[in-house]
Amino acid sequence: MDQLQQVKAEQRKQKVKVLDEKTLTSIRRHYQRSGNRCLLLDYDGTLVPFSRIPSEAAPDNSVKDILSRLSADTRNHVAIISGRDLSSLDRWLGSLPVTLVAEHGASTRPRNGSWQQMVSVSDLWKDEIRRVMQAFVIRCAGSFIEEKTNTIAWHYRNTQTGLGFSRSRELLSTLSQLIQNTTLQVIDGNKVVEVRISGFDKGASALRIVGETDPDFVLCLGDDTTDEDMFKALEGEAYTIKVNNGASAAQYTILSQQQVLPLLNSLLVPVSSNTPTTEKV
Ligand SMILES: [Mg+2]
Numbered sequence: 000m001d002q003l004q005q006v007k008a009e010q011r012k013q014k015v016k017v018l019d020e021k022t023l024t025s026i027r028r029h030y031q032r033s034g035n036r037c038l039l040l041d042y043d044g045t046l047v048p049f050s051r052i053p054s055e056a057a058p059d060n061s062v063k064d065i066l067s068r069l070s071a072d073t074r075n076h077v078a079i080i081s082g083r084d085l086s087s088l089d090r091w092l093g094s095l096p097v098t099l100v101a102e103h104g105a106s107t108r109p110r111n112g113s114w115q116q117m118v119s120v121s122d123l124w125k126d127e128i129r130r131v132m133q134a135f136v137i138r139c140a141g142s143f144i145e146e147k148t149n150t151i152a153w154h155y156r157n158t159q160t161g162l163g164f165s166r167s168r169e170l171l172s173t174l175s176q177l178i179q180n181t182t183l184q185v186i187d188g189n190k191v192v193e194v195r196i197s198g199f200d201k202g203a204s205a206l207r208i209v210g211e212t213d214p215d216f217v218l219c220l221g222d223d224t225t226d227e228d229m230f231k232a233l234e235g236e237a238y239t240i241k242v243n244n245g246a247s248a249a250q251y252t253i254l255s256q257q258q259v260l261p262l263l264n265s266l267l268v269p270v271s272s273n274t275p276t277t278e279k280v
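Using numbering that gives the first Met the number 0, you'd call the opening residue of the sequence shown number 0 and step up by one each time.
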């Protein structure tokens with residue numbers, strides 16, 4: 000990271016504030032006064048806790064309950080914008096009247112429609128990336144590869160901490176060289192190194208959804224590197240909240256995933272019933 004990037008990262012870090020009770024109350028008040036709202040939610044690490052095994056991160060009843068209550072309100076447009084593959088999202092959340100965005104925007108299912116593929120390309124690029132990642136699986140016990148339509152990822156969440164991290168730095172460097180002058184992109188995520196086809200990201204997906212619905216209230220929550228694309232794209236038009244501490248382009252941060260469902264639930268509780276009378280918005 001060069002000096003300018005370091006300063007920018009530091010500025011972004013300073014800009015982020017922990018979401019306090021007063022700000023939350025004002026967000027809730029805005030939500031309750033609004034007649035056309037858009038809620039853009041990441042899935043893993045945001046709606047559900049980070050799971051050691053990706054396939055075990057199915058939503059529990061409390062997640063499904065809040066999503067169905069929010070989406071039942073005709074003033075709300077709820078969208079789950081995820082890096083997950085289409086089939087997992089469809090299996091877990093397909094019965095809800097919410098927009099589903101899979102693989103950072105590669106596929107989208109509008110809330111009352113069917114799945115649409117945003118890109119269609121050959122899979123040949125995956126062979127070489129897979130070969131490199133397989134060598135790292137051998138060199139790092141507990142790591143594994145996950146393949147989706149437009150991405151291939153090496154997960155190291157179940158490995159010995161120091162070893163997994165240092166191998167991930169090696170892999171990042173190897174892959175970065177390999178994909179030079181291609182339309183591929185390497186992402187250094189949370190305990191995952193991912194290669195995907197560039198040209199779509201969560202930011203573009205979020206903007207498209209907001210553009211289609213023209214809301215007067217937008218809330219966006221996410222926890223990972225790819226969610227930063229949404230926070231940046233929505234700057235000035237949304238309440239952006241990063242889950243977990245750390246540098247972010249989001250306006251606010253909440254310190255734990257466990258605060259997400261209470262926050263979403265609080266939108267549905269009238270502000271006047273539990274607000275200090277001294278507060279001004
Ligand atoms: Mg996430």
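Ideal placement from N, C-alpha and C gives every residue a C-beta, glycine not left out. None of these values were measured; they are calculated from a predicted model.
Unbroken alpha helix (DSSP H) run spanning residue i, endpoints
{"i": "Lys63", "result": "60 to 71"}
{"i": "Asp187", "result": "Unbroken run through Asp187 is the beta strand (DSSP E), 183 to 188; no alpha helix (DSSP H)."}
{"i": "Ile52", "result": "It is not in any alpha helix (DSSP H) - Ile52 carries neither H nor E in the DSSP assignment."}
{"i": "Leu174", "result": "160 to 177"}
{"i": "Asn264", "result": "259 to 266"}
{"i": "Leu46", "result": "It is not in any alpha helix (DSSP H) - Leu46 carries neither H nor E in the DSSP assignment."}
{"i": "Lys21", "result": "20 to 32"}
{"i": "Arg90", "result": "85 to 92"}
Backbone CA spacing between residue i and residue j [nearest angstrom]
{"i": "Trp91", "j": "Ala152", "result": "21 angstroms"}
{"i": "Arg74", "j": "Ile128", "result": "44 angstroms"}
{"i": "Phe216", "j": "Val209", "result": "10 angstroms"}
{"i": "Ser106", "j": "Ser86", "result": "10 angstroms"}
{"i": "Arg168", "j": "Arg207", "result": "34 angstroms"}
{"i": "Leu254", "j": "Ala237", "result": "20 angstroms"}
{"i": "Leu41", "j": "Ser81", "result": "Correcting the residue type first, residue 41 is Asp in the shown sequence and not Leu. Between Asp41 and Ser81, the C-alpha separation is close to 5 angstroms."}
{"i": "Met117", "j": "Asp200", "result": "11 angstroms"}
{"i": "Leu69", "j": "Phe164", "result": "38 angstroms"}
{"i": "Glu234", "j": "Gln159", "result": "38 angstroms"}
{"i": "Gln184", "j": "Leu177", "result": "10 angstroms"}
{"i": "Thr173", "j": "Val194", "result": "12 angstroms"}
{"i": "Ala309", "j": "Ser67", "result": "No answer is possible for residue 309: it lies beyond the span of the chain, which begins at 0 and ends at 280."}
{"i": "Asp84", "j": "Asp43", "result": "12 angstroms"}
{"i": "Gly93", "j": "Asn180", "result": "37 angstroms"}
{"i": "Glu146", "j": "Ala71", "result": "34 angstroms"}
First through last residue of the beta strand (DSSP E) which encompasses residue i
{"i": "Ser106", "result": "106 to 108"}
{"i": "Gly202", "result": "Note, Gly202: premise wrong, no beta strand (DSSP E); alpha helix (DSSP H) at 201 to 212."}
{"i": "Tyr251", "result": "251 to 253"}
{"i": "His154", "result": "150 to 154"}
{"i": "Glu145", "result": "143 to 146"}
{"i": "Ala101", "result": "98 to 101"}
Chain-order list of residues whose beta-carbon lies under 6 angstroms from that of residue i (same chain, five-residue window excluded)
{"i": "Val280", "result": "In this prediction, Val280 has a pLDDT of 38, which is less than 50 and means its spatial position is unreliable; what the coordinates show is noted afterwards. Result list for Val280: Ser25, Arg28, in chain order."}
{"i": "Glu227", "result": "Ala248"}
{"i": "His76", "result": "Cys37, Thr212"}
{"i": "Gln115", "result": "Thr107"}
{"i": "Cys219", "result": "Leu39, Met229, Leu233, Ala237, Thr239"}
{"i": "Met132", "result": "Ile144, Trp153"}
Close beta carbons around residue i, own chain, < 8 angstroms, minus the five adjacent residues each side
{"i": "Thr224", "result": "Ile186, Asp187, Gly188, Asn189"}
{"i": "Gln31", "result": "Leu266, Pro269, Val270"}
{"i": "Lys16", "result": "Thr22, Gln250, Tyr251, Thr252"}
Same chain only: Cβ atoms within 7 angstroms of residue i, ignoring 5 sequence neighbours per side
{"i": "Pro109", "result": "Thr98"}
{"i": "Ile65", "result": "Leu260, Leu263, Asn264"}
{"i": "Ala140", "result": "Thr158"}
{"i": "Ala57", "result": "Trp91"}
{"i": "Gly104", "result": "Met117, Phe199, Asp200, Lys201, Ala203, Ser204"}
{"i": "Leu88", "result": "Ile79, Ser81, Leu99, Ala101"}
**Message:** Does the contact criterion of 3 or more C-beta pairs under 8 angstroms hold for the stretch 96 to 103 versus the stretch 48 to 57?
**Reply:** The stretch 48 to 57 and the stretch 96 to 103 do not touch, with fewer than three beta-carbon pairs separated by less than 8 angstroms.
**Request:** Mind listing which residues have their beta carbon within less than 5 angstroms of any non-hydrogen atom of ligand 1? Chain order is fine.
**Result:** In chain order, the hits are Asp41, Asp43, Gly44, Asp222, Asp223.
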